[in-house]
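S.K.: Protein chains in written order, with my numbering: chain A, 72 to 404; chain B, 72 to 404. Yeah, the Cβ is synthetic: ideal placement off N, Cα and C, and Gly gets one too. Predicted model only: the values in this text are computed from it and were never measured.
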DNA sequence: CTGAAAGCGCTTACAG
DNA sequence: CTGAAAGCGCTTACAG
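#1: Do residue 356/B and residue 373/B come within 8 Å of each other at the CB atom, strictly closer than that value?
#2: Between which residues of its own chain and residue 111/B is the CB-CB distance below 7 Å, once the five residues before and five after are set aside?
#3: Would you mind listing the beta strand (DSSP E) stretches within the segment 341-379 of chain B that are 3+ residues and don't spill past its ends, in chain order?
#4: Hey, quick one: how far does the beta strand (DSSP E) through residue 190/A stretch, first residue to last?
#5: What does residue 344/A touch in chain B if you count any residue whose Cβ is under 8 Å from its own?
#6: State the DSSP-derived secondary structure class of residue 166/A, mapped to helix, strand or coil.
#7: Give the interface partners of residue 181/A over in chain B, defined as CB-CB distance under 7 Å, in chain order.
#8: In angstroms with no decimal places, state the Cα-to-Cα distance between residue 390/B and residue 238/B.
#9: For residue 403/B, which of helix, strand or coil comes out of DSSP?
#10: Could you have a look at residue 141/B and say whether DSSP puts it in helix, strand or coil?
#11: Taking a Cβ distance cut-off of 9 Å, strictly less, list which residues of the segment 298-317 of chain A are near chain B, in chain order.
#12: Hey, would you say residue 149/B sits closer than 8 Å to residue 194/B, going by beta carbons?
#13: Since residue 362/A and residue 143/A should fall inside the 8 Å C-beta cutoff, what is the C-beta to C-beta distance between them, to a whole number of angstroms?
#14: Residue 88/A: buried (16+ other C-beta within 10 angstroms of its C-beta) or exposed?
#15: In whole angstroms, what separates the C-alpha of residue 245/A from that of residue 275/A?
#16: Which residues in the same chain have their Cβ closer than 8 Å to the Cβ of residue 227/A, if we skip the five residues on either side of it in sequence?
#17: Rounded to whole angstroms, what's the CA-CA distance from residue 406/B to residue 187/B? Just pull it up for me.
#18: Name the residue from 381/B, 393/B, 279/B whose alpha carbon lies nearest to the alpha carbon of residue 222/B.
#19: So is residue 348/B in contact with chain A if we call contact Cβ pairs under 8 Å?
#20: Is residue 238/A near the ligand FAD, with its Cβ less than 7 Å from a heavy atom?
#21: If residue 283/A sits next to residue 298/A, beta carbons under 8 Å apart, how far is it from one beta carbon to the other, in whole angstroms?
#22: Going by the CB atoms, is the gap between residue 248/A and residue 306/A shorter than 8 Å?
#23: Using the rule of at least 16 other Cβ atoms within 10 Å of the residue's Cβ for burial, across every protein chain shown, is residue 251/B buried or exposed?
#24: Run down chain A in chain order and give the residues with a C-beta less than 9 Å from the C-beta of residue 151/B.
#25: Roughly how many angstroms separate the alpha carbons of residue 120/A and residue 360/B, rounded to a whole number?
#26: Tell me whether the beta-carbon of residue 327/B lies closer than 8 Å to the beta-carbon of residue 300/B.
#27: When we look at the beta-carbon of residue 184/B and count the other beta-carbons within 10 Å, is it buried (16 or more) or exposed?
#28: Let me see if you follow: with CB-CB separation under 8 Å, is residue 325/B close to chain A or not?
#29: With the cut-off set at 8 Å, would you say residue 296/B and residue 336/B are in Cβ contact?
#30: Would a check of beta-carbon distances place residue 163/B closer than 8 Å to chain A?
#31: Among all the DSSP beta bridges, which residues are the ones paired with residue 249/B?
#32: Report the three-state DSSP secondary structure of residue 338/A (helix, strand or coil).
#33: Nearest by alpha-carbon distance to residue 200/B: which of 208/B, 349/B, 213/B, 189/B is it?
#34: Measure the alpha-carbon distance for residue 234/B versus residue 339/A and round it to whole angstroms.
#35: On the DSSP letters alone, give me the boundaries of the beta strand (DSSP E) that residue 263/B sits inside.
#36: Any Cβ of chain A within less than 8 Å of the Cβ of residue 394/B?
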């Protein structure tokens, strides 16, 4: 159907080998021949089949990215950063969603392998350590926020969460709630741990009815408001798993006439683009999203090149204090 | 390196052809042989190379998606919808960003062609009609919001914009500003046209200093506030190219003490997820994002299958009135 | 400087 | 029911 190297060879009256070499600028082909063949290739609208090339070179120059779902700007920013870095390094990226389902995640990984990607990045893996037991025939796999997995790039979720909760504590808050995400999520576990640690450090009781499990979405944040407001005594502050949850919650609070931060302080996590654009602007923990994308690709690159003695990476977060946190209500102390 | 059909053939003491057929459940292979070979394949950790298969079947079962940049939730939602639909139809998706640059866009299209994708979706094309003059050797290309291009899925930007501006007019607004995006953007042109049409319909002057060119980002929306507020007399309402612009603007207005909607009404476009979660919730024009993604893939599918007599599709929008629009200030009428 | 040949890992008519 | 052969579109030692 398309134009092949053979077609060009015929027209140029040379062998296919020569065409191949001319096109890849092989040193031992005469300039004259090269010029002629390049010209012909252009005329005939030739685009080399990377498919065929990959088969012989054993290099598809492709990486696969498994994402849970991109309805979270943090995740799409991460994907963009990965794609950008990958492209810089000459890789194409294949994308696939797992919809938070372990089976679909694994299926995607195998589908990628079938396409002979050089490496795979799984964002928000549901099985994390599970890859250690199946990595026999698979290409290198890199994970986010799974610091126990040897090939991973995480942000320091525990410390980030600690800083957020310390911040609340320092503002005088003593009843601090946590709205988490899915339990299977390692980043959720880490952030919850940070939350607990601070409470314990300050001899505050860890009350299970101040801990809520949600799904990291706007809707989840909205949905939790009801339960949160029926706690008694009311918490004076809430630390949320991520910005989406925080914003959903803020919205529901606003509708109910709960003032932020006067009645309730709220902290998010991620510092997505529009967190700063919310009113009041959201206090949150910034993740080095762009950096994570870059490190993820570089780590994968190292693994692809056979570099084996790599370490899990842990990137620092940064507390960004804005308008949704303030001193605890007097009466509540 | 990996396990191939040949390796299995040797171990099973049959020919590679038989292995291939057994694995693809060919009817004329004995059940016994099939079972044995499947078993062996599993044991040996065989994953067929779709690369090799594609080369012979001339079908990579892959489509390419060119995106401008996913920092806009509308765009990432669209990509997700495309990916979901593509996966349902057995296609993998290759992703690439153009960063609003025509050259990078075209480069991406050719890169996809090199990988022999079956079709390409370009979101937010910078060259639109340009594809008509180069489609000779390329796979089918489908565009968004370029209704003049024969293979496209658009939402009815003109009508959507008209409804937004009519809504403002009906609230008594007579000085209505427009904050647009890049001029090269066909959806921007269409929305601007809708804006103009309504003004003309009502014999309102079209004032060029009420029309601003921005870039469709939060930052762009923020940046325009200064200029907008220096118009005299002040406009009483603003129609924005998209929700990101509107939210950036709202934020800057809030900081300056301009009340919305009392002092200024604001309308967005897209109805991204968190538009409803903003406070006040954003009045906007809803795009059928999910539907667009599905139609885009189906259209591409038709073209791939040789279905030639397709029509550009135009999907309806829906005005969603929420909290950022209200009656014009008395004095301003 | 150029060509013939083998091979990447599959599929699929063509025989038997 | 199974195999040998050709071929998809390239690259790359091996010769000359």
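M.R.: Looking at the coordinates:
#1: Inclusion of residue 373/B and residue 356/B in the CB contact set at 8 Å is not warranted, their separation being larger than that value.
#2: Annotation for residue 111/B: 79, 82, 83 place their beta carbon closer than 7 Å to its own, counting only its chain and skipping 5 residues before and after.
#3: Every beta strand (DSSP E) stretch that sits fully inside the segment 341-379 of chain B and reaches 3 residues is listed by chain position as 355-357.
#4: Run containing residue 190/A: 190-193, per the beta strand (DSSP E) assignment.
#5: Within chain B, the residues 142, 289 have their CB atoms less than 8 Å from the CB of residue 344/A, given in chain order.
#6: In the structure shown, residue 166/A sits in a strand (DSSP, three-state: E or B).
#7: Neighbours of residue 181/A on chain B, chain order: 118.
#8: Answer to the nearest angstrom: the Cα atoms are 9 Å apart.
#9: Legend: pLDDT at residue 403/B = 45, less than 50; position of this residue unreliable, no value from coordinates given.
#10: Residue 141/B falls in the coil class under three-state DSSP.
#11: Contacts with chain B (Cβ-Cβ distance below 9 Å) from the segment 298-317 of chain A involve 315, listed in chain order.
#12: A contact, by the Cβ cut-off of 8 Å.
#13: Cβ-Cβ separation between residue 362/A and residue 143/A: approximately 18 Å, too far for a contact (criterion under 8 Å).
#14: Residue environment analysis places residue 88/A among the exposed positions, since fewer than 16 neighbouring C-beta atoms fall within 10 angstroms of its C-beta.
#15: If you take the alpha carbons of residue 245/A and residue 275/A, they lie about 7 Å apart.
#16: Excluding sequence neighbours, residue 227/A sits near 385, 386, 387, 388.
#17: For residue 406/B there is no data in the structure shown, the boundaries of chain B being 72 and 404.
#18: Nearest Cα to residue 222/B within the set 381/B, 393/B, 279/B: 381/B.
#19: It does; some Cβ of chain A falls within 8 Å.
#20: You won't find the ligand FAD in this model; it holds no ligand whatsoever.
#21: Contact flag correct, Cβ pair sits at about 6 Å.
#22: Yes; because the gap between Cβ atoms is below 8 Å, this pair is in contact.
#23: Taking a 10 Å sphere around the C-beta of residue 251/B, we find 16 or more other C-beta atoms and assign the residue as buried.
#24: What residue 151/B touches in chain A: 138, 140, 141, 142, 147, 168.
#25: Rounded to whole angstroms, residue 120/A to residue 360/B spans 34 Å at the Cα level.
#26: With contacts defined as CB atoms closer than 8 Å, residue 327/B and residue 300/B qualify as a contacting pair.
#27: Residue 184/B is buried by the Cβ-count criterion.
#28: The beta carbon of residue 325/B sits closer than 8 Å to some beta carbon of chain A.
#29: Between residue 296/B and residue 336/B, the CB-CB gap reaches or exceeds 8 Å.
#30: For residue 163/B, at least one C-beta of chain A is nearer than 8 Å to its own C-beta.
#31: DSSP lists 282/B, 310/B as partners of residue 249/B.
#32: Residue state for residue 338/A is assigned as strand, using DSSP reduced to three classes.
#33: Considering only alpha carbons, the answer is 213/B.
#34: Taking the straight line joining both Cα atoms gives about 36 Å.
#35: Not the beta strand (DSSP E): residue 263/B falls in the alpha helix (DSSP H), residues 257-272.
#36: Taking Cβ atoms only, chain A never reaches closer than 8 Å to residue 394/B, which makes this a no.
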